[in-house]
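Residue numbers (the working numbering): 1 to 457. Where a beta carbon is used, it is the ideal one built from N, C-alpha and C, also for glycine.
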Amino acid sequence: MAMRLDAHVDDDRAAHRIRSPIGHHPVPSVEPAGRFGRVIRHHRERGRLTIQPRMGFAQPDVMLAGLDAVRRARAATVGTVTIDSYTRLNDNVAAREALRNGADLNGFPLVAHGADVTRRVLDGVADDAFPVQFRHGSALPQDLFRVLVDVGADATEGGPVSYCLPYSRVPLEQSTAAWAECCRMLAERPEPVHLESFGGCMLGQLCPPGLLVALSVLEGMFFVEHGLRSISVSYAQQTHPGQDLEAIAALRLLASEWLDDVDWHVVVYTYMGVYPRTLRGANRMLEDSVRLAVRSGAERLIVKTSAEAHRIPTIAENIEALEFAATVAADEAAGTPMHRPTRTGIYEEARMLILSTLQLGDDVGSALVSAFARGHLDVPYCLHRDNANRSRAVIAPDGTLQWSEPGAMPVHHSEHAPRASARGLIEMLRYNEHRLDREQLTGHPTLGYRASHKDGR
């Protein structure tokens with residue numbers, strides 16, 4: 001399916017829609033394609049946030065036990081199989097050696113186990129009410145995708161940019177070609193496979209929302225261009241709840257404008273950066289992300305656990321996080337929100353980046369490669385050789401993420417924003433950790449999500 005690179009949205013209509021109340025959440029009119037999309041829609045229609053862990057274990061019996069526990073949790077859930085680091089880097093020899101030696105792995109070695117073992121795990125738990133998503137992190141995922149197609153996986157995630165620039169040294173052009181091939185593999189399946197863009201989570205932190213939103217929509221368009229009919233766009237919780245609300249509202253509007261002929265939904269990630277180390281701080285971080293997901297109309301939330309800063313969480317810790325999140329979601333849905341979105345032009349910035357990027361190529365993939373080669377898209381603090389790394393962002397005194405140096409990007413920036421020193425960068429990376437751990441470490445309360453920034457300032 002060719003993407004309409006000359007498509008545009010009427011400016012007056014778009015301006016009117018971005019000023020509409022935050023409670024207006026555009027949803028796709030297309031019927032869900034595939035059981036992953038059907039379950040997400042089923043939960044949404046019943047007013048329930050779908051909550052999903054970030055869980056992966058090397059041994060098949062432990063992975064099956066984890067999935068079964070997630071299925072039985074007191075929450076609206078879908079399953080997750082997170083892939084190990086060796087497999088993400090296509091080092092399947094090392095993954096097999098680790099399995100033989102009983103060494104620890106940080107996930108499920110899909111290719112090393114192969115289709116038969118993986119199919120037995122899925123047959124033990126996955127069905128029409130409980131689909132399972134495979135999460136990885138590979139810029140060249142062809143081997144992974146071949147196994148996923150063989151076992152009839154419900155869903156996976158990633159993208160040509162979002163799984164290349166942060167995680168690999170693979171040239172962006174090569175990653176884009178690989179992801180085009182993998183999308184076609186999924187599109188050829190008779191039962192639609194769901195694919196989630198990781199574009200809204202670039203580097204996890206210190207990337208202003210306008211670029212995150214644009215990248216997520218562009219990757220969604222790339223998936224559709226290569227034949228996929230069930231997708232999701234993502235956004236990672238950042239440092240200011242009001243700004244996050246504005247960003248997700250912009251993401252939903254842009255998805256409704258550019259992805260209107262496929263089944264799509266929005267997934268929010270609990271903060272992807274340096275995580276609070278105290279129990280109270282970690283729970284506050286998770287609570288904030290749940291309230292953000294509910295308030296923004298997101299259909300799905302990827303959670304973290306209280307053990308996140310210390311080690312790989314156990315099955316029990318994953319279930320505790322899921323059930324805690326479900327309780328908070330019910331509380332937020334029943335209450336009166338006390339926070340409001342900022343109005344800083346995130347929609348306009350993201351839309352401009354999408355439109356201008358699409359003019360740089362004959363298709364979405366070539367446009368993305370060209371945009372990064374010119375610095376027209378530029379992820380701050382990203383060291384990949386195909387990223388210009390000339391843009392910079394800072395956390396402003398009010399907690400919002402702002403551009404301080406745009407590089408060659410056509411974005412507004414503050415001429416008075418301070419340049420980040422090496423020490424300043426480290427402090428920004430630990431912003432949420434310090435903010436949310438302070439209460440337990442000092443005994444002094446800090447303002448929570450409901451009270452802080454409640455008027456978006």
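By Cβ distance, which residues of its chain are closer than 7 Å to residue i, with the 5 residues on each side in sequence left out?
i    : result
G23  : Low local confidence applies: a pLDDT of 49 at G23 is under 50, so the model's placement there is unreliable, and no value is given.
A214 : A350, L353, I354
E308 : Y275, A282
G365 : P160, T176, A180, F222
P26  : R252, L253, S256
L64  : V121, G124, V125
C382 : L165, P166, L203, N389
Are residue i and residue j close, meaning C-beta to C-beta below 8 Å?
i    : j    : result
A316 : I248 : no
G114 : V62  : no
V30  : D263 : yes
D272 : C207 : Residue identity differs from the one stated: residue 272 is Met in this sequence, not Asp. In this structure, C207 does not lie closer than 8 Å to M272 by Cβ.
L253 : V268 : no
D84  : G66  : no
D437 : T327 : no
A363 : E257 : Residue 363 is actually Asp in this sequence, not Ala. No, they are not a contact pair.
P60  : V149 : no
R100 : I302 : no
E323 : A94  : no
R71  : V117 : no
H339 : R300 : no
T156 : L195 : yes
K304 : T270 : yes
Within its chain, find whatever has a CB closer than 6 Å to the CB of residue i; leave out the 5 residues flanking it on each side and keep chain order.
i    : result
W179 : P160
R48  : A76
G210 : I346, E349, A350
E219 : G159, S197, G199
S216 : S197, G199, G200, V233, S234
E433 : V274, P276
R392 : P380, S404, E405
F145 : C182, M185
A69  : I315, I319
For residue i, does the three-state DSSP call read helix, strand or coil?
i    : result
Q402 : strand
A393 : strand
Y500 : Nothing about residue 500 can be reported from this structure: the residues present for the chain run from 1 to 457 only.
Y271 : coil
I346 : helix
S230 : strand
E188 : coil
L170 : Checking the displayed sequence, the identity of residue 170 turns out to be Val instead of Leu. Residue state, collapsed to three classes: coil.
L286 : helix
G365 : helix
G79  : strand
V161 : coil
R438 : helix
V266 : strand
D68  : helix
D91  : coil
D128 : coil
C183 : helix
C382 : coil
T327 : helix
L360 : coil
Hey, quick one: how far does the alpha helix (DSSP H) through residue i stretch, first residue to last?
i    : result
H113 : 110–123
R135 : No alpha helix (DSSP H) contains R135, which is instead part of the beta strand (DSSP E) from 132–135.
T87  : 85–88
F222 : 209–225
D104 : Premise fails: D104 is in no alpha helix (DSSP H) and is neither H nor E.
V39  : 35–45
Could you check how far apart the C-beta atoms of residue i and residue j are, in whole angstroms? I think they sit under 8 Å.
i    : j    : result
Q142 : E181 : 6 Å
G227 : A187 : 3 Å
H527 : L360 : Coverage of the chain is limited to positions 1 through 457, which leaves residue 527 absent and any answer about it impossible.
A131 : V81  : It should be pointed out that residue 131 corresponds to Pro in this sequence rather than to Ala. About 11 Å separates the two Cβ atoms, so there is no contact after all.
E320 : V294 : With 8 Å as the limit, E320 and V294 do not qualify as a contact, their Cβ atoms being about 19 Å apart.
R203 : P171 : In the sequence as presented, Arg is not what sits at residue 203; that position holds Leu. That belief does not hold up - the Cβ atoms of L203 and P171 are roughly 19 Å apart, past 8 Å.
D378 : A408 : 7 Å
Y86  : A103 : About 10 Å separates the two Cβ atoms, so there is no contact after all.
V193 : D154 : 7 Å
G37  : S306 : Rounded, the Cβ-Cβ distance is 31 Å, inconsistent with contact.
How is the beta strand (DSSP E) around residue i delimited, first residue to last?
i    : result
E157 : 155–158
D261 : D261 -> no beta strand (DSSP E), and no H or E assigned at all.
R300 : 300–302
T50  : 50–52
L195 : 194–197
Keeping to the same chain, check which residues put their C-beta closer than 8 Å to that of residue i; ignore five residues upstream and five downstream.
i    : result
E191 : G34, R35, G152
L429 : Q205, L206, G273, V274
H310 : R277
P109 : A58, I83, D84, Y86, T87, N92, A95, R96, A98, L99
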